[in-house]
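**Student:**
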């Protein structure tokens, strides 16, 4: 019979069923059963401590309680938390003493406790799948940055901080690129992973003081021809995994502004130095 149909009652009434749909239902049932078996054999675990949890890509209650999430009131420029509300546009002493090249920075959490563990696992322990949950948290925490401003014709473009090609080869993925991709998926925004290139093979920033970090990344970034077409006349949200002294995102911001970005905001997962509210 045409269309994969067959009589449901031996052809007496002409009632028919669609076997392809039935096949899809059976396949779906088998897939669901397979997932249940897999959960029994390999149950989902906490992203930070590996305790068994009820669903994938989440934290256990203990780690969730310890997660140092950031929330207003905070410094308008650096996103550092205040102990009490100082009013709109309030700036921290750090932002006043050394104004950053970017406009605003926001983070999901302070760089301590479970947040530090998550960054380390994503970055150094071959756990790229963690970026899905972390990127979605960043999309929510960065909603202020990711929404179009009144004077803008459209939303910003998301650009990840790139790795040097040799480091990318050894690590196999750019953690900032994965986070940016998940943010773009969550909000339906343009992600430009090739907009920036790290043309200078810099040392690892870990262990360097602020001055050494700044020297290390000076002139390290440039905008690609493809990136020039994407960022020109647009506001950019620059994405990285962690903010420490600001040397890396500062160098990347200056490269973007030189090539025509109208402004640069920064979104990171974790913010070092944001563990204690100011004031």
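Residue numbers (full-length UniProt numbering): 1 to 279. Glycine included, every Cβ here is placed at the ideal spot set by N, Cα and C.
From the DSSP output, which residues share a beta bridge with residue 110?
**Tutor:** Counting from 1 along the chain shown, the entry for residue 110 is found at position 110. Answer is 271.
**Student:** Are residue 115 and residue 270 touching if we call contact CB-CB under 9 Å?
**Tutor:** Locating residue 115 in the chain shown gives position 115, where the first residue counts as 1. Locating residue 270 in the chain shown gives position 270, where the first residue counts as 1. Yes. Within cutoff.
**Student:** Let's test the definition: count the other Cβ atoms within 10 Å of the Cβ of residue 212 and tell me whether it reaches 16, buried, or not, exposed.
**Tutor:** By one-based count along the chain shown, residue 212 stands at place 212. Looking at its Cβ environment, which holds fewer than 16 other Cβ atoms inside 10 Å, residue 212 is exposed.
**Student:** Report the rounded CA-to-CA distance for residue 19 versus residue 240, giving the unit in angstroms.
**Tutor:** Along the chain shown, read from residue 1 onward, the residue named residue 19 stands at position 19. Along the chain shown, read from residue 1 onward, the residue named residue 240 stands at position 240. Note that residue 19 has pLDDT 44, beneath the 50 cutoff, so the model's placement of it is unreliable and no number is given.
**Student:** Who does residue 61 pair with in a DSSP beta bridge?
**Tutor:** Here residue 61 refers to the residue found at position 61 when the chain shown is read from its first residue. Residue 61 is not bridged to any residue.
**Student:** Are residue 249 and residue 161 closer than 9 Å when you measure CB to CB?
**Tutor:** Translated into the one-based positions of the chain shown, residue 249 becomes position 249. Translated into the one-based positions of the chain shown, residue 161 becomes position 161. Going by C-beta atoms, residue 249 is nearer than 9 Å to residue 161.
**Student:** Using only the alpha-carbon positions, how far apart do residue 137 and residue 83 sit?
**Tutor:** For the purposes of this step, residue 137 is identified with residue 137 of the chain shown, where counting begins at 1. For the purposes of this step, residue 83 is identified with residue 83 of the chain shown, where counting begins at 1. Their backbone Cα atoms lie some 23 Å apart in a straight line.
**Student:** Which residues does DSSP list as the beta-bridge partners of residue 102?
**Tutor:** Mapped onto the chain shown, residue 102 falls at position 102. None, per the DSSP bridge assignment.
**Student:** CA-CA distance, residue 146 and residue 217?
**Tutor:** In the chain shown, the residue the question calls residue 146 occupies position 146. In the chain shown, the residue the question calls residue 217 occupies position 217. Each residue's Cα considered, the two are about 26 Å apart.
**Student:** According to the neighbour-count rule (16 or more other Cβ atoms, all chains shown, within 10 Å of its Cβ), is residue 265 buried or exposed?
**Tutor:** Residue 265 sits at position 265 when you count from the first residue of the chain shown. Buried, since its Cβ has 16 or more Cβ neighbours within 10 Å.
**Student:** Is it the case that the Cβ atoms of residue 281 and residue 157 are separated by a distance below 9 Å?
**Tutor:** Given a span of 1 to 279 for the chain in the structure shown, any question on residue 281 remains unanswerable.
**Student:** Give a yes or no on whether the C-beta atoms belonging to residue 75 and residue 57 are separated by under 9 Å.
**Tutor:** As a position in the chain shown, residue 75 is number 75, starting the count at 1. As a position in the chain shown, residue 57 is number 57, starting the count at 1. No, the Cβ-Cβ distance between residue 75 and residue 57 is not below 9 Å.
**Student:** Just verifying my parser: in three-state terms, what is the DSSP assignment at residue 181?
**Tutor:** In the chain shown, residue 181 corresponds to position 181, counting from 1. In the structure shown, residue 181 sits in a helix (DSSP, three-state: H, G or I).
**Student:** So, is residue 13 buried or exposed, given that buried needs 16 or more other C-beta atoms within 10 angstroms?
**Tutor:** Taking the chain shown and counting its residues from 1, the one referred to as residue 13 is at position 13. For residue 13, the pLDDT reaches just 48, beneath the cut-off of 50, and the residue's location in the model is therefore unreliable, leaving the point undetermined.
**Student:** Who are the near neighbours of residue 148 in its chain, counting only those whose CB is closer than 8 Å to its CB and skipping five residues on each side?
**Tutor:** Counted from its first residue, the chain shown places residue 148 at position 148. These residues qualify, in order along the chain: 154, 155, 156.
**Student:** Where does residue 12 sit, in a helix, a strand or coil, going by DSSP?
**Tutor:** If you number the chain shown from 1, residue 12 lands on position 12. In this prediction, residue 12 scores a pLDDT of 49, lower than 50, which makes its location untrustworthy; the coordinate-derived value is nonetheless stated afterwards. The answer is coil: DSSP assigns residue 12 none of H, G, I, E or B.
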